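Worksheet for the structure shown next.
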Amino acid sequence: MNIFRLTGDLSHLAAIIILLLKIWKTRSCAGISGKSQILFALVFTTRYLDLFSSFISLYNTVMKVIYIMCAYATVYLIYGKFKATYDGNHDTFRVEFLLIPVVLLAVLINHAFAPMEILWTFSIYLESVAILPQLFMISKTGEAETITTHYLFFLGLYRTLYLFNWIWRFYFEGFFDLIAVVAGLVQTILYCDFFYLYITKVLKGKKLSLPA
Amino acid sequence: ETASQEKDEL
Chain A
20 MNIFRLTGDL
30 SHLAAIIILL
40 LKIWKTRSCA
50 GISGKSQILF
60 ALVFTTRYLD
70 LFSSFISLYN
80 TVMKVIYIMC
90 AYATVYLIYG
100 KFKATYDGNH
110 DTFRVEFLLI
120 PVVLLAVLIN
130 HAFAPMEILW
140 TFSIYLESVA
150 ILPQLFMISK
160 TGEAETITTH
170 YLFFLGLYRT
180 LYLFNWIWRF
190 YFEGFFDLIA
200 VVAGLVQTIL
210 YCDFFYLYIT
220 KVLKGKKLSL
230 PA
Chain B
75 ETASQEKDEL
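Going line by line, the protein sequences match chains A and B.
Counting in the numbering used here, the first sequence runs from 20 upward without gaps.
Counting in the numbering used here, the second sequence runs from 75 upward without gaps.
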């Protein structure tokens with residue numbers, strides 16, 4: 020464990036909690052892409068199946084359980100409890116255009132052609148593009164609630180910190196996983212545009228609005 | 075293909 024990975028995990032946890040609280044407190048999921056949240060629930064489900072087969076550390080197990088529970092709770096709030104506030108007209112990204120290439124890529128490019136390994140690879144590739152429906156929805160509505168931008172900031176920050184974690188681990192532990200690094204780079208690059216808007220607008224107290 | 079290393083990251 021290193022400082023980049025720990026702050027990365029805490030940033031990820033913060034994002035997940037911020038979103039859950041935003042929906043729960045405002046009793047509304049306006050501006051939130053349910054499709055992205057379903058994809059994240061799928062990412063955690065396919066990546067954390069090893070919860071039942073291998074124990075790595077208490078931290079690892081606890082965080083995985085929290086992530087999975089929050090992900091499904093968020094999906095439930097969006098499509099269940101507060102579905103009246105779900106903005107389906109703007110959440111129209113075609114997720115099959117993500118899922119099909121990700122499945123093909125996971126089957127073709129992986130570390131080992133074994134079920135758990137392919138599921139893990141699928142999860143890594145899917146996570147790198149899972150935020151696209153959410154970013155697409157914001158570009159369609161032309162704006163985002165400030166709390167939603169904080170959610171996206173911490174979510175983007177987490178994988179950015181993981182990139183430094185991988186540099187650290189390569190240098191100090193000789194650990195290197197090309198699949199995770201490439202997917203993590205793609206994931207972080209997708210946030211660059213948002214990071215720019217977040218830093219130049221939201222941090223200056225303005226509302227995040229895109230030129231519609 | 076590098077062997078699938080111990081997956082200790084979240």
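We put the CB at the ideal spot given by N, CA and C, even for glycine.
Just so you know, these numbers come straight off a predicted model, no measurement behind them.
Straight across, the Cα-Cα distance linking Y144/A with V201/A is about 9 angstroms. With respect to the 8 angstroms criterion, A125/A and I137/A are classified as neighbours on the basis of their beta carbons.
Under the three-state reduction of DSSP, S52/A is assigned to coil, being neither helix nor strand.
Judged by DSSP in its simplified three-state form, S76/A adopts coil rather than helix or strand. Distance between F172/A and M135/A, taken at the CA atoms: about 31 angstroms.
As DSSP reads the structure, E162/A sits in a beta bridge with S228/A. Per the C-alpha coordinates, the member of M20/A, I51/A, F23/A and N21/A positioned closest to H169/A is I51/A. L117/A has its alpha-carbon roughly 10 angstroms from the corresponding atom of L123/A.
Put simply, the backbone Cα of L58/A is about 12 angstroms away from that of R113/A. Under the 10 Å beta carbon count, R66/A is surrounded by 16 or more other beta carbons and is classified as buried.
Residues of chain B with a Cβ closer than 7 angstroms to the Cβ of I85/A do not exist, since the nearest Cβ in that chain sits about 10 angstroms away. A straight-line Cα-Cα distance of about 11 angstroms links I166/A and C48/A. In the DSSP annotation of this structure, the continuous segment of the alpha helix (DSSP H) that includes I35/A starts and ends at I22 to T45.
In the DSSP annotation of this structure, the continuous segment of the alpha helix (DSSP H) that includes L127/A starts and ends at E115 to L127.
Among the residues facing chain B, M88/A is not included, as its CB has no counterpart in that chain under 8 angstroms away.
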